[in-house]
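Asker: If you count the sequence shown from 1, position 177 lands on 177 in full-length UniProt numbering, and the numbers rise without skipping.
Cβ atoms here follow ideal geometry from the backbone N, Cα and C, with glycine treated the same way.
Because the structure is a prediction, the values reported are computed rather than measured.
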Amino acid sequence: MSEHSAVSHDDTPSLSPHAIQDKWQAYWEEHDTFRAGGDDDTRPRKYVLAMFPYPSGDLHMGHAENYLYSDIVARFWRHRGHNVLNPIGWDSFGLPAENAAIRRGADPREWTYQNIDQQKAGFKAYGVSFDWSRVLHTSDPEYYRWNQWLFLKLYERGLAYRKKSPVNWCPRDQTVLANEQVVDGRCERCGTEVVKKKLTQWYFKITDYADRLLDDLNQLEGFWPHKVLQMQRNWIGRSVGADVDFRIEGRDEPVTVFSTRPDTLHGATFFVVAPDADLAAELVADASPEVQAQFAEYLAKVQKETDIDRQSTDRPKTGVFLERYAINPVNGERLPVWAADYVLADYGHGAVMAVPAHDQRDLDFARAFDLPIKVVVDTTAPVTGAIPVIETDADGVPIMPESIDDQDPAVTGIALTGEGRLINSGDLDGLSKRNAVARQIEKLEASGLGRAAKNYRLRDWLISRQRFWGTPIPMLHTQDGEIVPVAEDQLPVRLPSVEGLDLSPKGTSPLGAAESWVRTVDPTTGEPALRDPDTMDTFVDSSWYYLRFLSPNSDTVAFDPTEARRWAPVDSYIGGVEHAILHLLYARFITKVLFDIGLVDFTEPFSSLINQGMVILDGAKMSKSKGNLVLFQEELDAHGADALRVSLAFAGPVEDDKDWADVSTTGAAKFLARALRVAHDVDSPVGVVFAGGDAGLRRVTHRLLADAPGLVEQTKFNVLVARLMELVNAIRKTIDSGAGASDPAVREAAETLAVMLDLIAPHSAEEMWEALGHEPSVGLVQWRSADPALLIEDTVTTAVQVNGKVRTTLEVPAKIGDAELEALARADEKVQRALEGKEVVRVIVRAPKIVNFAVKG
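1) By the three-class DSSP mapping on this structure, what secondary structure does G450 have?
2) Do V654 and T715 have their CB atoms nearer than 7 Å?
3) From A695 to D601, what does the alpha carbon distance come to, in whole angstroms?
4) For P844, write down the residues that DSSP places opposite it in a beta bridge.
5) Going by beta-carbon coordinates alone, are A351 and I373 separated by less than 7 Å?
6) Within 10 Å of its beta-carbon, does E305 have 16 or more other beta-carbons around it, so buried, or fewer, so exposed?
7) Please confirm whether L704 and R784 have their CB atoms less than 7 Å apart.
8) Take the Cβ of T525 as the centre, count every other Cβ of all protein chains shown within 10 Å, and call the residue buried at 16 or more, exposed below.
9) So, do the segment 235-252 and the segment 325-340 have three or more beta carbon pairs nearer to each other than 8 Å?
10) Keeping to the same chain, check which residues put their C-beta closer than 7 Å to that of F76; ignore five residues upstream and five downstream.
11) With H, G and I counted as helix, E and B as strand and the rest as coil, what does DSSP make of W769?
12) Quick one: what's got a C-beta closer than 6 Å to L440's C-beta in the same chain, skipping five residues either side?
13) Going by C-alpha to C-alpha distance, which of N455, K433, L444 and D41 sits closest to N234?
14) Taking DSSP as the reference, what is the three-state secondary structure of K815?
15) Per DSSP, which one or two residues make a beta bridge with K621?
16) Would you kindly report the start and end of the unbroken beta strand (DSSP E) that includes Q114?
17) Within the same chain, show all residues whose beta-carbon is closer than 6 Å to that of L697, passing over the 5 residues directly before and after it, in chain order.
18) CB residue 925 to CB S464, shorter than 7 Å?
19) Kindly list the residues whose CB is nearer than 6 Å to the CB of V320, restricted to its own chain and excluding five residues on each side of it in sequence; keep chain order.
20) Relative to the C-alpha of E488, which residue among D208, F151, L49 and V577 is closest?
21) Which residue from R134, V128, G81 and F93 puts its Cα closest to that of F559?
22) Our contact map puts residue 867 next to G62 with C-beta atoms below 8 Å; I'd like the distance itself, whole angstroms only.
23) How long is the line joining the alpha carbons of L68 and P225, rounded to whole angstroms?
24) In the structure shown, what three-state DSSP assignment does N83 receive?
25) In this structure, what does DSSP give as the bridge partners for H137?
26) For the ligand GTP, is there any heavy atom lying closer than 6 Å to the beta carbon of D22?
27) Does H79 pass the burial test, meaning 16 or more other C-beta atoms within 10 Å, or should it be called exposed?
28) Under the three-state reduction of DSSP, which class applies to Q230: helix, strand or coil?
29) Taking contact to mean 3 or more Cβ pairs, one atom from each stretch, closer than 8 Å, check whether the segment 135-149 and the segment 170-188 are in contact.
30) Only counting the same chain, and skipping five residues up and downstream in sequence, which positions put a Cβ closer than 6 Å to that of L199?
31) In chain order, what residues of the same chain have a beta carbon less than 6 Å from the beta carbon of A210, not counting five sequence neighbours either side?
32) Does I423 pass the burial test, meaning 16 or more other C-beta atoms within 10 Å, or should it be called exposed?
33) Can you name the start and end residues of the beta strand (DSSP E) that K198 belongs to?
34) With DSSP as the reference, label F589 as helix, strand or coil.
35) Would you please state the rounded distance, in angstroms, between the beta carbons of L821 and V812? I believe it to be under 8 Å.
36) Please report the residue range of the alpha helix (DSSP H) in which R334 lies.
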């Protein structure tokens, strides 16, 4: 027995799991084991990245799951002979740090960097194979300088601008929120109900990239989860139709509305304006005092509603008639103009033509206020084949078919939204919807009253925040009212000290009260100027951080384009599905801007995306308020990193939620102890020729070698753990019988186990590798290839059934034919007894796996 295996399999190896942990973490740190290779490393490159954490305190079980999965992928590619980049950083700006600092009367820097230190220690204790030479914190001036540089690049290209518009406002945090940061009408951070407020804010013009953001999703099919792609498509929400110009009586300029159904223009019976749109305020100015008072009261109510509430289809319709009329451009009819909350100020142009017969919300509104309803599409008419004859009365008015009368929306309350043929629509009558849309657009363009157009659900990215702990916006406000950029050589615009500064939320940025900071000089004129007091949305920080990891210590560039060509885009990106819209869309947008500037040669930042489920407890999401937290550090202390890692990997498919009540760290610890004992028991020398060892064990080993890469690439980590457990059992069985621990097949299997176990339980794997007589690190050992000869099964087990019930099993040649297999089955004594006295009505043979006799009697 070797010096590394001085205990029998009934004994526990001398080092405890925590001692093994400490030993190998010290080794990795001393040898910088997982540092990515430099320019002289000729191995193929892989960039693996987990969504970086927010430093809100100690690591939690969600972190444990996410970074386990990313570590498995990173370790796998190292074993496959790749130069792997697996960096770590912290998304360290944002409201939680500022709010915590306000509660404690402290600098948010203190809270943030203390938590980063705590999490860093947790990651190291967990054994994650990060490249610790590439750490970044977004709250470092060395990082946010490049946020400001990026802002200036967008400003130069007309993609950063300032405007006044209704925004989501959190009354508690006293700051604006992007649409994505409003969840069920409440602030995602504090849960306060969000209201609308009109402010002048900075935006990124992401809508200029809407088509590319939508169409380029096709590149990601099969590489991103389908539901994430669908969420992105829905959020961008491209609609194709027409912009139609309506004249408002008493107004010189026409009002443009967007419609996906310009074919139904003849069915428009009223006109709706968003109450919070500038147009509504303009139109009501000429109304009677009574209507102006009604409108003011209505607007105040609407401003307390969320966009989600306003768009709900199951709430009563409300509105105010503005005593104005729009003129339908296709027939000259006067349409009453209403302000109603179901139209949003930032949808299209903030106004819509209402066609109640063919739009449910318009219909509900028309029925509520007794407005006309006019059917212009016969949804009972076939849309293929010959155009039907439209019957008319003596005056030439089309006679509505009886079937349409039966479906009259004014009676049924159900809008006719299906396909059909046009009626009551002049020379469009008889056309199908598709043809009618095309023809109507042609007519509008010919008359100068409209044009083909596209509209998007996507809105420009609101980046202004009225808080301290974020990247200062690098713009200056001059005395003559101009807004000018800070010169690049003056970056970073650093955050001031918090000493003497009141950080409590009050509706304006606390930076505006930092007199010595906000007052500066216009570099062009030398005249006094004021810095912009707002800070940037933290999604700016995370929109390009994957590129900063390529040049994390550079003080001359945000990232080196040469390094971007070598490493990017990210090969495997791992994180929660909650970021399917919040973060991924912005990262995709910034990547496309950088591509257009010529700084990267790709248009999508993340080639492959892995979303993990949540770790829950007793069926509910963990939270402090519910008292159902499982603390990461407590589990680490109780069971060790490897047992925690194995139990999470084994708990179920990556994308599923895992209930901690069903997770067994104790079972994982027992498995690891058995694996360690196997390594210590091996009693054949290093370098022994494996051929000639136990054939059965060798086949188990080589089937795993063949299957494991596919299991990892398909993220079936739970299945891989199960297969490793099977291998341990097979090794133990061989050790305990026949040639025992000296069998070369045992060494081959144990070495394979150690190398593969490194993905999931790296400390134990290193200890096994050393016990087997090898130099560390096992994490850098290339996986062996399977021997094809050992993947061929000489014999297989056939199940023989009678009426679906197994009566016996047979060991048969793997290449046996159906006829021969049936004959063997019929010759078996147990089968003959089962068939005795019965009529065989059918025999199903699926060689070499199964024979089933269907009998009666």
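Answerer: Taking the definition as stated:
1) strand
2) yes
3) 51 Å
4) The residue you asked about is not Pro; residue 844 is Ile in the sequence shown. N852.
5) no
6) buried
7) no
8) exposed
9) yes
10) V712 and L759
11) helix
12) In the sequence on display, residue 440 carries Gln and not Leu. Excluding positions up to five away in sequence, the list reads P262 and D263.
13) N455
14) coil
15) I616
16) Run containing Q114: none in the beta strand (DSSP E); it sits in the alpha helix (DSSP H), P108 to Y126.
17) A730, T734, A745 and A749
18) Residue 925 lies beyond the stretch modelled for the chain, which goes from 1 to 857, so this question has no answer here.
19) Q294, F295, Y298 and A339
20) F151
21) R134
22) Limits of the chain in this structure are 1 at one end and 857 at the other, which puts residue 867 out of reach.
23) 19 Å
24) strand
25) W90
26) No copy of the ligand GTP occurs in the structure displayed, which carries no ligand at all.
27) buried
28) helix
29) no
30) V167
31) I236, Y456 and L458
32) buried
33) V195 to F204
34) helix
35) 6 Å
36) Segment R334 to A340 is the beta strand (DSSP E) holding R334; no alpha helix (DSSP H) there.
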